[in-house]
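Colleague:
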Amino acid sequence: MTSKDAADEFWQFSLEVYARQQVADLCLVLQDEHGFDVNILLLCLWLAQGEGRALSQFEIGDLLGGVAALNENMVWLVRDARRWAKSWLKQAPDLQAVAARDKLYTSLKASELQMERQIQIELVRCLVYDGQQQGQSLDLSAQSAARLSLEAYRAAIAAPEGTAALLTRLALKTLS
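All you need for the working numbering is the position in the sequence shown, starting with 1, plus 287.
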């Protein structure tokens, strides 16, 4: 499978699971309150489900580094602007202002989604070094592989142990 094919599959997986009940809420709590990157969370789950593959703490660190510049210089700035625009939209003084502000908000939302897609392409690219895929493929169940990867991620960013319960709920909602 080419890295483009893998990135396309990862994107489709992400869209499908993110739409499931409670998945988006769990992802956003982990992102906004505990510093997790939603795309890396989804990558851990995608690899677990598709290949029974777990990522190590070291590999998670490499992935975080591989997308850091994109996140810091594009995604987070547009996300902050979109969130601000959402509250600004609610303060519109009339219907004409609502329409204009909604158009801007929608544009920012579409830009953020395109950037998230680019992050996923980069993550898949980072998984391949010299033509060999990274990550442990130990013939694990999807739940076991997800648990190992998500725990490695929690450790890599030194998230509180209390986030383990949220990560477990995310895995259950995603992989069931």
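Glycine included, each C-beta is placed from N, C-alpha and C at the ideal position. As the structure is a computational prediction, the values presented were derived from the model and not from experiment.
Can you tell me where the alpha helix (DSSP H) holding R434 begins and where it ends?
Modeller: Counting along the chain, the alpha helix (DSSP H) containing R434 begins and ends at 429-443.
Colleague: Identify, in the order they occur along the chain, each residue of the same chain with its Cβ nearer than 6 angstroms to the Cβ of L329, setting aside the five sequence neighbours on each side.
Modeller: S301
Colleague: Report the rounded CA-to-CA distance for V316 versus A439, giving the unit in angstroms.
Modeller: 18 angstroms
Colleague: I believe L462 touches L332 by the beta-carbon criterion, under 8 angstroms. Please report the beta-carbon distance rounded to the nearest angstrom.
Modeller: 7 angstroms
Colleague: Return the chain-ordered list of same chain residues with a C-beta closer than 7 angstroms to the C-beta of R404, the five sequence neighbours on each side being excluded.
Modeller: Taken in chain order, the residues that qualify are W298.
Colleague: Is it the case that the CB of G339 approaches a heavy atom of the ligand COA more closely than 7 angstroms?
Modeller: This structure lacks the ligand COA; in fact it carries no ligand of any kind.
Colleague: So V316 is in the alpha helix (DSSP H); what residue range does that whole segment cover?
Modeller: 310-321
Colleague: Within the continuous alpha helix (DSSP H) that includes D292, where are the two ends?
Modeller: For D292, the enclosing alpha helix (DSSP H) starts and ends at 290-305.
Colleague: Sorted by chain position, which residues of the same chain lie with C-beta nearer than 6 angstroms to A432's C-beta, five sequence neighbours on each side aside?
Modeller: Around A432: A335, G339, R340, A341.
Colleague: If you draw a straight line from the C-alpha of S394 to the C-alpha of D367, how long is it?
Modeller: About 14 angstroms.
Colleague: Apart from the five residues on each side of it in sequence, which residues of its chain come closer than 8 angstroms, Cβ to Cβ, to A458?
Modeller: Leaving aside the five residues that flank A458 on each side, the residues in its chain whose CB is nearer than 8 angstroms to its CB run, in chain order, L332, A335, Q430, A433, R434, L437.
Colleague: Which residue from A311, G353, Y305 puts its Cα closest to that of E412?
Modeller: What sits at residue 412 in the sequence shown is Arg, not Glu. Relative to the Cα of R412, the nearest Cα in the group A311, G353, Y305 belongs to G353.
Colleague: Quick check on E399: does DSSP put it in helix, strand or coil?
Modeller: helix
Colleague: Quick check on DSSP: helix, strand or coil for S394?
Modeller: Helix, per DSSP.
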